[in-house]
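*Asks:* There's a structure below that I have some questions on.
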Amino acid sequence: MAELGTTLNGQHQSTQHQSAQSQHHHLAGHRPAAATRLPSVLIATRHGESTANVEFQLAEASGALSVPISCRDADIPLSMHGRQQAQALGRWWAALPSADRPRSVWCSPYERTAETARIALAQAAGLGAVPVSLAVRYDERLRDRELGVLEMLPKAAIEAQHPEEAARRRKMGELYYRPPGGESWADVALRVRSLLRDLCEEEAGRPVLLVAHDCTVLMLRYVLDRLTEERLIALGPVHNCSTSLWRAQEGRLRPDRWNSVDHLTAGTN
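Per this note's numbering, the sequence shown starts with residue 18, numbered consecutively.
Here it is in structure tokens:
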């Protein structure tokens, strides 16, 4: 496929330059570059509300220094409300125009994302919109941001137990701050770029659904729409089971909707 910046970030060469380059390559014995390969539609969603989302909301409201979670981050399941959101996502999926309806799903291997994908797929298949046998592809590059020593710590606990890290985080900003043993947003963007290369090659011409996490979906927007740090920070959080959509147009994926929750019933998003 074409170089990622050309394919996804709209850095097109002029016709005159392309013609000259093509002639140069022909004289040098090079084959012409392959046509741009992109999915026809790329849809991204964050998992439904998880049990950890609920516990952290309670901790932030009360100023608690801990949350009652003993399992790995990868093993955190959906809440009951999160499962209802995943069902609503499946109904939205089924109601899409046929040409936009994903027949391919790439998913983070974490339990909350896998559960979201299973429920949404079952709902869409039950409505006759997609095959029951449709496979879900799990890819670790879609996993959530790793927070290292700050994992499972509410804000109050970070300030109390790691004041130096809290200060460094404020100074550097979320895009570049990397907690000890963890990742910055920029680190996540690197693996998102890697995943997009494979996805564009393997899913060319097909609508695709990505089921991921808040930070992963944010970095997808950052990469595809060539956002500045300022514009990225201004976006705010990605809602649970929200839908964001890009369409292949003129050699790149262009945004059609962002962080929409119109398909969800009233409640915490």
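Just so you know, even glycine gets a beta-carbon here, dropped at the ideal spot from N, CA and C.
If you're wondering where the values come from, they're calculated on a predicted model, not measured in any experiment.
1. Would you mind reading off the limits of the beta strand (DSSP E) that contains residue 153?
2. Assign residue 258 to buried or exposed, taking buried as 16 or more other Cβ atoms, counted over all protein chains shown, within 10 Å of its Cβ.
3. Would you decide whether residue 115 is buried or exposed? Buried here means 16 or more other CB atoms lie within 10 Å of its CB.
4. When burial is assigned at 16 or more other CB atoms within 10 Å of the CB, is residue 15 buried or exposed?
5. Alpha carbon to alpha carbon, how far is residue 142 from residue 201?
6. Can you find a heavy atom of the ligand COA that lies under 7 Å from the Cβ of residue 271?
7. Rounded to a whole number of angstroms, what is the C-alpha to C-alpha distance between residue 195 and residue 146?
8. Kindly list the residues whose CB is nearer than 7 Å to the CB of residue 192, restricted to its own chain and excluding five residues on each side of it in sequence; keep chain order.
9. Can you tell me whether residue 236 is buried or exposed? The criterion is at least 16 other CB atoms within 10 Å of its CB, across all chains shown.
10. Quick check on this structure: which residue in 208, 133, 90, 95 has the alpha carbon closest to the alpha carbon of residue 108?
11. What does the alpha-carbon distance come out to for the pair residue 118 and residue 164?
12. Going along the chain, which unbroken runs of the alpha helix (DSSP H) with 4 or more residues stay wholly within the stretch 236-281?
13. Could you tell me the alpha carbon to alpha carbon distance between residue 275 and residue 238, rounded to whole angstroms?
14. Mark residue 42 as exposed unless 16 or more other C-beta atoms lie within 10 angstroms of its C-beta, in which case mark it buried.
15. Thinking C-alpha only, which one of 136, 159, 176 is nearest residue 110?
16. Just the Cα atoms here: how many angstroms apart are residue 69 and residue 79?
17. Compute the distance between the beta-carbons of residue 270 and residue 59, then report whether it is under 8 Å.
18. Please report how far the alpha carbon of residue 129 lies from the alpha carbon of residue 266, in whole angstroms.
19. Since residue 55 contacts residue 217 with CB under 8 Å, what's their CB separation in whole angstroms?
20. Give the DSSP-derived three-state secondary structure of residue 124 in the structure shown.
21. Is it buried or exposed for residue 224, if we count other Cβ within 10 angstroms and need 16 for buried?
22. Thinking C-alpha only, which one of 154, 279, 168 is nearest residue 215?
23. In this structure, how does DSSP classify residue 95 when only helix, strand and coil are distinguished?
24. The beta strand (DSSP E) with residue 62 in it runs from where to where?
*Replies:* To lay it out plainly:
1. Here residue 153 corresponds to residue number 136 of the sequence shown, with the count starting at 1. Segment 153-155, the beta strand (DSSP E) holding residue 153.
2. Here the question's residue 258 lines up with position 241 in the sequence shown. If you draw a 10 Å sphere on the C-beta of residue 258, you find 16 or more other C-beta atoms in it, and that means buried.
3. By 1-based counting over the sequence shown, the position of residue 115 is 98. When all chains shown are included, residue 115 counts as exposed.
4. Absent from the structure is residue 15, since the part of the chain shown begins at 18 and ends at 286.
5. For this step, residue 142 is matched to residue 125 along the sequence shown. For this step, residue 201 is matched to residue 184 along the sequence shown. Note on geometry: alpha-carbon atoms of residue 142 and residue 201 lie some 37 Å from one another.
6. Of ligands this structure carries none, so the ligand COA is not represented either.
7. Within the sequence shown, residue 195 is the residue found at index 178, counting from 1. Within the sequence shown, residue 146 is the residue found at index 129, counting from 1. Computed Cα separation, rounded: 42 Å.
8. Counted from its first residue, the sequence shown places residue 192 at position 175. Within the same chain, residue 192 has close Cβ partners 201, 202, 203, 246, 249.
9. Reading the sequence shown from its first residue, position 219 is the one you call residue 236. Flag for residue 236 reads buried.
10. Against the sequence shown, residue 108 aligns to sequence position 91. When each option's Cα is compared against that of residue 108, the closest is 133.
11. Here residue 118 is taken as the residue at index 101 of the sequence shown, counted from 1. Here residue 164 is taken as the residue at index 147 of the sequence shown, counted from 1. C-alpha of residue 118 to C-alpha of residue 164: approximately 34 Å in a straight line.
12. The DSSP assignment places complete alpha helix (DSSP H) segments of no fewer than 4 residues inside the stretch 236-281 at 246-251, in order along the chain.
13. If you number the sequence shown from 1, residue 275 lands on position 258. If you number the sequence shown from 1, residue 238 lands on position 221. Rounded to the nearest angstrom, the two C-alpha atoms are 9 Å apart.
14. By 1-based counting over the sequence shown, the position of residue 42 is 25. Confidence in residue 42 is poor, its pLDDT being 45 and thus under 50, which makes the residue's placement too unreliable to answer from.
15. For the purposes of this step, residue 110 is identified with residue 93 of the sequence shown, where counting begins at 1. Considering only alpha carbons, the answer is 136.
16. Taking the sequence shown and counting its residues from 1, the one referred to as residue 69 is at position 52. Taking the sequence shown and counting its residues from 1, the one referred to as residue 79 is at position 62. Distance from the CA of residue 69 to the CA of residue 79, rounded to the nearest whole angstrom, comes to 15 Å.
17. Sequence index remark: in the sequence shown, residue 270 carries index 253 (1-based). Sequence index remark: in the sequence shown, residue 59 carries index 42 (1-based). It is a contact, given that the beta carbons lie within the stated cut-off.
18. Translated into positions along the sequence shown, residue 129 becomes position 112. Translated into positions along the sequence shown, residue 266 becomes position 249. Each residue's Cα considered, the two are about 32 Å apart.
19. To locate residue 55, count along the sequence shown from 1; it is residue 38. To locate residue 217, count along the sequence shown from 1; it is residue 200. At roughly 5 Å, the Cβ-Cβ gap stays under 8 Å, so residue 55 and residue 217 are in contact.
20. Residue mapping note: residue 124 aligns to position 107 of the sequence shown, counting from 1. The answer is strand: DSSP assigns residue 124 an E or B state.
21. Against the sequence shown, residue 224 aligns to sequence position 207. Residue 224 is buried by the Cβ-count criterion.
22. Start at 1 with the first residue of the sequence shown, and residue 215 comes out as number 198. When only C-alpha atoms are compared, the closest one is 154.
23. For the purposes of this step, residue 95 is taken as residue 78 along the sequence shown, with counting starting at 1. Note: residue 95 maps to strand in three-state DSSP.
24. Numbered from 1 along the sequence shown, position 45 holds the residue referred to as residue 62. Run containing residue 62: 58-63, per the beta strand (DSSP E) assignment.
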